[in-house]
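The next block holds one structure in the form of structure tokens; read it before the comments.
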Amino acid sequence: MRGSDQRSGSLFSYIDLEARVRRDHPLRPIREIVNAALDRLSSEFDALYASVGRPSIPPERLLRAL
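As structure tokens, this is what we get:
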């Protein structure tokens with residue numbers, strides 16, 4: 912069973928990271944490209960997981976951690 916890809920900025924920190932990283936930071940456009948590519952692959956990831964069982968760590972989250 913595939914876990915959901917809910918992004919929680921407050922999971923480990925009380926600091927809003929979006930507010931701390933400046934808007935013109937060079938990694939922001941890269942992040943948008945990566946998120947768009949992972950969204951397009953979402954249906955392919957769905958096909959790889961069973962519909963029952965314990966939810967997994969979403970592959971999008973694992974790939975973002977790299």
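If you count the sequence shown from 1, you need to add 911 to reach my numbering. Note that beta-carbon positions come from the ideal geometry of N, C-alpha and C, so glycine has one too.
- Distance from P969 to R913 at the Cβ level is roughly 7 angstroms; contact confirmed, criterion being Cβ atoms closer than 8 angstroms.
- Around the Cβ of E943, a 10 Å sphere holds fewer than 16 other Cβ atoms; the residue is exposed.
- DSSP places V945 within a helical segment (H, G or I) once states are collapsed to three.
- Residue environment: E955 is assigned as exposed (fewer than 16 neighbouring CB atoms within 10 Å of its CB, all protein chains considered).
- In the three-state scheme derived from DSSP, where H, G and I count as helix and E and B as strand, A961 is classed as coil.
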